[in-house]
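J.: I am attaching a structure below and will ask some questions about it afterwards.
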């Protein structure tokens, strides 16, 4: 089972009890170690369903499940529970949340639902939109929740006027969520932590379900996740955490790198295994990566070691401005694509901010190269998808007020805003949900006759299809029947002037029904509420937009945050300038912020398998005028032209002007020849033949996995 593993990987796989920290550097075969270790636990007699493995993405969880099955080579009666943190918390809360005063059938609000609720709250406390928008409020609430700051504590940490207003609204927002029997995404963690703190019964029940706990990407845990893990593992102490402090890049959303740094203090008898053999990148790329990350003072000491030698030296390119940078990078990709060895999907352009790709998109369009911009509009933000999901939410839980408001007159059925306001006022007065009020004779009598009949018809429609769900009819048949009854396709035709847009929107509706069918075919006991939970958590049968985009044969444009976990033969890290990378917000903050920016740069360069190019612009447009830039400090650290402050006899850093000249020299020395000469010789580049190089890349991927 552990054939082909190196000595360190084997050590991690064969440590089957007690606390274990596996420090898995970039490209060191982490996933294989995790899955082989789970399989070995089962082989050694641990019941599969006594093992809980938690990771951060649904893709990673699905891959883990598949690989464990492949390792064991047989169908098990039970399987390890592999899930994301949020999915596991939903399962815990469905079983115990009444102890916190919420209903078992609580709804999970998505971003659109949250915005509707935030808008309602701001209206109630009479805060005008120009003073605080719903999106601003949700930004502050999300920020506080990721830092585990509850509503009652927010005002104490608020600094600006907007934050003080947001703190007041946060209290009402949270109270209203509970009143509506709903939670938002961040609440899943906070409420699970609260449950374990306040109910020993619930904690005992959940902790006793498992004998082994494995946490992937431990460097990304926030305070709530950290405390949930400690609570679940305290009894048996069979806790294995896997991660890399050098790739901790999510501090802005609450992740605390300290958790992985102090693991040995939290668990004094912990064994620490370092995976340092890198199977992804060439020796030249790793030399540069190691040099960069060594500038971070607070980290677990480790050095990535190449499993293969050779490879072209990473290049540093400087350009007059951002337009020439984009043209130069795209021109380089064009030249390399003349070699049939490479395809557009082999190239990635990585940047720090969402504003940077515009120039690259323009150039790629000019030369008609296919590209994908990762991180656009989510499938679930589409109007038609949200409409159908709101109908399904009503069938599963008609008291869902946000869903009710969305569809009560969608498509139009004669229930106008005035009618909705009257019903809402009646609901508030009686302390009931909108759905309950719509069934009471007295509030209905106060409506105009036409509106009254429209409300009754709406209730009959929902009741009719709810009964079909409760009778156990096919969920796909229910959804298709509902869409036909409300004539939703006709509504899309009416509201979309462009025929292509109509078809695209109807195709999105069909995709929701397809996902419902895929869920139904796999579930032992299909449950509409479970499907809705899966959609809210990203666990459904939909491919994520990112995965769909990456399947295309196109150049990938993405932020370095989006690139984590991916790899490409050719990587361009662009915009290596002070204020971009590191970002200006971190330059003005403390040293920890710069360290995280350096880790982000490290993640970017370690995505490269064969060829790495670093670039900067000497000027960049700011408010319509070109401004001189200062080369990024990381550029000098990468190429060995900066003194490491943690090394003895460190020299003072260079001035910006001196650094600018150093960058020019660095670009010339790293590139090896003048730009004009490079253009002439670019198409005659040597290197392994297509079959040999592809075989080498495949072998590297197999070793990692």
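Numbering (our numbering), first residue to last: 1 to 705.
By construction, the Cβ of each residue, glycine as well, lies at the ideal position given by its N, Cα and C atoms.
Only a predicted model underlies this, so the values are computations on that prediction, with no experimental measurement involved.
Going by Cα to Cα distance, which pick from 130, 207, 274 is closest to residue 24?
T.: Translated into positions along the chain shown, residue 24 becomes position 24. The option with the nearest alpha carbon to residue 24 is 274.
J.: Classify residue 349 as helix, strand or coil using the three-state DSSP reduction.
T.: Here the question's residue 349 lines up with position 349 in the chain shown. Residue 349 falls in the strand class under three-state DSSP.
J.: Is the CB-CB distance between residue 107 and residue 408 below 9 Å?
T.: Position 107 of the chain shown, counted from the first residue, corresponds to residue 107. Position 408 of the chain shown, counted from the first residue, corresponds to residue 408. No.
J.: Three or more C-beta pairs closer than 8 Å, one from the region 570 to 585 and one from the region 336 to 356: is that the case here?
T.: The answer is yes - the region 336 to 356 touches the region 570 to 585, with three or more Cβ pairs under 8 Å.
J.: Put residue 674 into one of helix, strand or coil per three-state DSSP.
T.: Residue 674 sits at position 674 when you count from the first residue of the chain shown. Any answer about residue 674 is weak, because its pLDDT of 30 lies below 50 and its placement is not dependable; what the coordinates show is given next. Residue 674: coil per DSSP, three-state reduction.
J.: Rounded to a whole number of angstroms, what is the C-alpha to C-alpha distance between residue 567 and residue 76?
T.: Along the chain shown, one-based indexing puts residue 567 at 567. Along the chain shown, one-based indexing puts residue 76 at 76. Near 33 Å, if we compare the C-alpha coordinates of residue 76 and residue 567.
J.: Might you give, ordered along the chain, the residues of its own chain that have their beta carbon closer than 7 Å to the beta carbon of residue 423, omitting 5 neighbours on each side?
T.: Residue 423 sits at position 423 when you count from the first residue of the chain shown. Same-chain partners within the cutoff: 434, 437, 438, 443.
J.: Could you check which residue in 285, 501, 538, 505 has the C-alpha nearest to that of residue 519?
T.: Residue mapping note: residue 519 aligns to position 519 of the chain shown, counting from 1. Closest by alpha carbon: 538.
J.: Straight-line CA distance for residue 380 to residue 61?
T.: Stepping through the chain shown from its first residue, residue 380 is reached at position 380. Stepping through the chain shown from its first residue, residue 61 is reached at position 61. Cα to Cα, the separation comes out at about 21 Å.
J.: With H, G and I counted as helix, E and B as strand and the rest as coil, what does DSSP make of residue 148?
T.: Residue mapping note: residue 148 aligns to position 148 of the chain shown, counting from 1. Looking at residue 148 - three-state DSSP - the assignment turns out to be coil, as it is neither helix nor strand.
J.: Give the range of the alpha helix (DSSP H) segment to which residue 562 is assigned.
T.: Counting from one through the chain shown, the residue named residue 562 turns up at place 562. Unbroken alpha helix (DSSP H) run through residue 562: 560 to 563.
J.: Just the C-alpha distance for residue 747 and residue 532, rounded to the nearest angstrom, thanks.
T.: No answer is possible for residue 747: it lies beyond the span of the chain, which begins at 1 and ends at 705.
J.: With a threshold of 8 Å on Cβ separation, who are the neighbours of residue 343 within its own chain once the five nearest residues in sequence on each side are excluded?
T.: The count along the chain shown starts at 1 and reaches residue 343 at position 343. 337, 553.
J.: Could you check if residue 19 is buried or exposed, using at least 16 other CB atoms within 10 Å of its CB as the buried criterion?
T.: Taking the chain shown and counting its residues from 1, the one referred to as residue 19 is at position 19. When all chains shown are included, residue 19 counts as buried.
J.: I need the DSSP call for residue 581, collapsed to helix, strand or coil.
T.: As a position in the chain shown, residue 581 is number 581, starting the count at 1. The answer is coil: DSSP assigns residue 581 none of H, G, I, E or B.
J.: When the Cα of residue 426 is compared with those of 411, 410, 446, which residue comes out closest?
T.: Along the chain shown, one-based indexing puts residue 426 at 426. If we check each option's Cα against that of residue 426, 446 comes out closest.
J.: Hey, which unbroken runs of the beta strand (DSSP E) at 3 residues or more fall wholly within the region 257 to 308?
T.: 271 to 275, all fully within the region 257 to 308.
J.: Here's a check: name, in chain order, each residue in its chain whose Cβ is nearer than 7 Å to the Cβ of residue 525, leaving out the five neighbours to either side.
T.: On the chain shown, residue 525 is found 525 positions in, with the first residue counted as 1. So no residue of the chain qualifies.
J.: Given this structure, state the Cα-to-Cα distance separating residue 303 from residue 493, to the nearest angstrom.
T.: For the purposes of this step, residue 303 is taken as residue 303 along the chain shown, with counting starting at 1. For the purposes of this step, residue 493 is taken as residue 493 along the chain shown, with counting starting at 1. Their backbone Cα atoms lie some 59 Å apart in a straight line.
J.: Beta carbon of residue 615, beta carbon of residue 557: below 9 Å?
T.: Numbered from its first residue, the chain shown carries residue 615 at position 615. Numbered from its first residue, the chain shown carries residue 557 at position 557. Their beta carbons are not under 9 Å apart, which means residue 615 does not touch residue 557 by this criterion.
J.: Where does residue 498 sit, in a helix, a strand or coil, going by DSSP?
T.: Here residue 498 refers to the residue found at position 498 when the chain shown is read from its first residue. Coil at residue 498, not helix or strand.
J.: As a quick exercise: from 150, 117, 242, 181, pick the residue whose alpha carbon is nearest that of residue 32.
T.: By 1-based counting over the chain shown, the position of residue 32 is 32. Answer by Cα proximity: 242.
J.: Could you spell out where the alpha helix (DSSP H) holding residue 477 opens and where it closes?
T.: Counting from 1 along the chain shown, the entry for residue 477 is found at position 477. Note, residue 477: alpha helix (DSSP H), 475 to 485.
J.: Looking only at its own chain, which residues have a Cβ that is under 8 Å from the Cβ of residue 200, when we skip the five neighbours before and after it?
T.: Here residue 200 refers to the residue found at position 200 of the chain shown. Counting only Cβ-Cβ distances below 8 Å, and skipping sequence neighbours, we find nothing.
J.: Mapping the DSSP letters down to three states, classify residue 234 as helix, strand or coil.
T.: To locate residue 234, count along the chain shown from 1; it is residue 234. Looking at residue 234 - three-state DSSP - the assignment turns out to be coil, as it is neither helix nor strand.
J.: Return the first residue and the last residue of the beta strand (DSSP E) that residue 367 is part of.
T.: Translated into positions along the chain shown, residue 367 becomes position 367. First-last for residue 367: undefined, no H or E at that position.
J.: Taking 8 Å as the cut-off, is the beta-carbon of residue 109 closer than that to any non-hydrogen atom of the ligand MG?
T.: This structure lacks the ligand MG; in fact it carries no ligand of any kind.
J.: Identify, in the order they occur along the chain, each residue of the same chain with its Cβ nearer than 8 Å to the Cβ of residue 372, setting aside the five sequence neighbours on each side.
T.: Counting from one through the chain shown, the residue named residue 372 turns up at place 372. So the list reads 549, 550, 552, 554, 555, 556, 557, once near-sequence residues are dropped.
J.: May I have a chain-ordered list of the beta strand (DSSP E) segments no shorter than 3 residues that lie completely inside the region 161 to 186?
T.: Listed in chain order, they are 182 to 184.
J.: Report back the beta-carbon spacing between residue 210 and residue 50 to the nearest angstrom; my notes put them in contact at under 8 Å.
T.: As a working note, residue 210 is residue 210 in the chain shown. As a working note, residue 50 is residue 50 in the chain shown. Sure, about 6 Å apart at Cβ, within 8 Å.
J.: For residue 55, which three-state DSSP category applies?
T.: On the chain shown, residue 55 is found 55 positions in, with the first residue counted as 1. Residue 55 falls in the strand class under three-state DSSP.
J.: Looking only at its chain, what residues have a beta carbon closer than 7 Å to the beta carbon of residue 486, apart from the 5 residues adjacent to it on each side?
T.: Here residue 486 refers to the residue found at position 486 when the chain shown is read from its first residue. The answer, listed in chain order, is 411.
J.: Tell me whether residue 250 sits in a helix, a strand or coil according to DSSP, three-state version.
T.: Counting from 1 along the chain shown, the entry for residue 250 is found at position 250. Coil at residue 250, not helix or strand.
J.: So what does DSSP say about residue 441, is it helix, strand or coil?
T.: Locating residue 441 in the chain shown gives position 441, counting from the first residue. Three-state DSSP puts residue 441 in a helix.
J.: Buried or exposed: where does residue 290 fall if 16 or more other Cβ atoms within 10 Å of its Cβ makes it buried?
T.: Here residue 290 corresponds to residue number 290 of the chain shown, with the count starting at 1. It is buried - the Cβ of residue 290 has at least 16 other Cβ atoms within 10 Å.
J.: When burial is assigned at 16 or more other CB atoms within 10 Å of the CB, is residue 383 buried or exposed?
T.: Here residue 383 refers to the residue found at position 383 when the chain shown is read from its first residue. Flag for residue 383 reads exposed.
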